[in-house]
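Visitor: Encoded as C-alpha cells, here's the structure I'll be asking about.
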Amino acid sequence: MKPMWYLNDLFVSDGSRNQGVARALLQKVKCFAKETNALTVKLATSATNDKAKSLYESEGYDKIVAFEHYTQKVKQA
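Per the UniProt record's numbering, residue 1 is the first one in the sequence shown, and the count goes up by one each step.
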C-alpha cells in the first residue's frame, strides 16, 4: 500500500496572509508527498472556511463528501 499524506488544518498567521504563503506550503506538501511516493494528499478544513476551500480547489484538489466525521471528548482523570 502506498502512503498517503493528510493535512488536517493549514494556518497562516495574519501578518503573512495574502502573500502566497498558504499556496507555497501546499506546494511543499506536494513535494514531500512525491518524495515519499505517496499516492494522494488529503486536506481537511472547516465546512465554513470558504477561503481555504477556494484555495484547495484552485490548486486542483477535489472535494470529497463521502465521509462523516465523529468526535468524542475524553474526560481526563
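Beta carbons: idealized from backbone N, C-alpha and C, even for Gly.
Keep in mind it's a predicted model, so treat the numbers as computed, not measured.
#1: Under the rule that 16 or more other beta-carbon atoms within 10 Å means buried, what is Tyr6, buried or exposed?
#2: Can you grab the Cα-Cα spacing for the pair Ser46 / Cys31, in whole Å?
#3: Would you mind reading off the limits of the alpha helix (DSSP H) that contains Lys51?
#4: Hey, quick one: how far does the alpha helix (DSSP H) through Leu25 stretch, first residue to last?
#5: Can you find at least 3 beta carbon pairs, one from the stretch 10-21 and one from the stretch 57-75, that sit closer than 8 Å?
Guide: This is what the structure gives:
#1: exposed
#2: CA-CA distance, Ser46 to Cys31, rounds to 24 Å.
#3: Segment 50-58, the alpha helix (DSSP H) holding Lys51.
#4: 21-35
#5: Contact check between the stretch 10-21 and the stretch 57-75: fewer than three CB pairs, one atom from each, fall below 8 Å, which does not count as touching.
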